[in-house]
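A.B. asks: Take a look at this one; I'll ask things after.
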Amino acid sequence: MMAVDADRVEKELTEVMNSQWFETGPFMIEFAEGKVPKEKLVRFAPSYCFQVDNFKRCVAAVYAKAEPRDVRELMLENIEEEHGEGDPSRDHAQLVARFGRALGADLPTPYDLEPIPESRQWVERILKVCLEEEFVVGLAALSYGIEARTRTMAFLGQIYKEKYGISVEDLEFFFMHIEADEEHAGRAIELIRKYLTTEEQLERAKWAVGEVLDATRVVAEGMERVCSA
């Protein structure tokens, strides 16, 4: 049986990734114009901390499923980065909390918070993919569903800076991800090209990327729900 063409894998997964963006709904347009009051936006901050902190579990699940060392090395590097590379104050959940406080949220800690149901569901759906599917499918879900979508991070960072007056320092979480995620996603995509070799894996990977995007759509709706009330 012939292996699936790697260029086709990359092209088809990129198409799924680009099939859904969330910047165009009425709430997001209002947000992009700086019209959603900060005191409403802060309501989502604990949930965002929860998502970022628990995302580490999804990366760890891909590590656990992967036999190839090169995949595990990338996942380990990713987890170390998410945990602050040995500096607890640089944990990504802490960086989100710093942003949340700059917006006006009362967040003594970014850990063990109770999120909105949509954020918990986001973690659970992505974790399920990473735990139950082959490692290359989980890797595709995280890479194309989250890390390669740096446009969203750039979009959010710019709006918080220009429309809501948050400093670049307090927005580090957004701006650091543009560079770091592009690098991670680039390396992950090379690994996906290497290990995704069958039609079945490609179908599962396309489904998995769609699953992450759908979970993200649901979170965007949840954010709108709590920030509009």
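All residue numbers in the sequence shown are consecutive under this note's numbering, ending with 603.
Virtual Cβ for every residue (Gly too), placed ideally from N, Cα, C.
Here the structure is a predicted model, which is why all the values come from computation and not from measurement.
1. Rounded to a whole number of angstroms, what is the C-alpha to C-alpha distance between K568 and V383?
2. Counting pairs of beta carbons, one from the segment 398-415 and one from the segment 474-489, are three or more of them closer than 8 Å?
3. Less than 8 Å between the CB atoms is what I'm expecting for V445 and A514, so what's the real figure, rounded?
4. Classify T483: buried if its beta carbon has 16 or more other beta carbons within 10 angstroms, exposed otherwise.
5. Identify whether T571 lies in helix, strand or coil by the three-state DSSP scheme.
6. Pick helix, strand or coil for M597, following the three-state DSSP scheme.
7. Confirm, please, whether the CB-CB distance from L448 to V510 is below 8 Å.
8. Can the beta-carbon of I552 be found less than 8 Å from the beta-carbon of T524?
9. Taking the alpha-carbon positions, what's the F547 to I520 distance?
C.D. replies: The answer reads as follows:
1. Here residue 568 is taken as the residue at index 194 of the sequence shown, counted from 1. Here residue 383 is taken as the residue at index 9 of the sequence shown, counted from 1. Going from the Cα of K568 to the Cα of V383 covers about 10 Å.
2. The segment 398-415 makes contact with the segment 474-489; the number of CB pairs closer than 8 Å reaches 3 or more.
3. Along the sequence shown, one-based indexing puts residue 445 at 71. Along the sequence shown, one-based indexing puts residue 514 at 140. The pair is not a contact, with the Cβ atoms about 12 Å apart (cut-off 8 Å).
4. Working through the sequence shown from its first residue, we reach residue 483 at position 109. Flag for T483 reads exposed.
5. Along the sequence shown, one-based indexing puts residue 571 at 197. The answer is coil: DSSP assigns T571 none of H, G, I, E or B.
6. Here residue 597 refers to the residue found at position 223 of the sequence shown. Three-state DSSP puts M597 in a helix.
7. Numbered from its first residue, the sequence shown carries residue 510 at position 136. Numbered from its first residue, the sequence shown carries residue 448 at position 74. Contact: no.
8. Here residue 552 refers to the residue found at position 178 of the sequence shown. Here residue 524 refers to the residue found at position 150 of the sequence shown. Here I552 is near T524, since their CB atoms are less than 8 Å apart.
9. Within the sequence shown, residue 547 is the residue found at index 173, counting from 1. Within the sequence shown, residue 520 is the residue found at index 146, counting from 1. If you draw a straight line from the Cα of F547 to the Cα of I520, it comes to about 14 Å.
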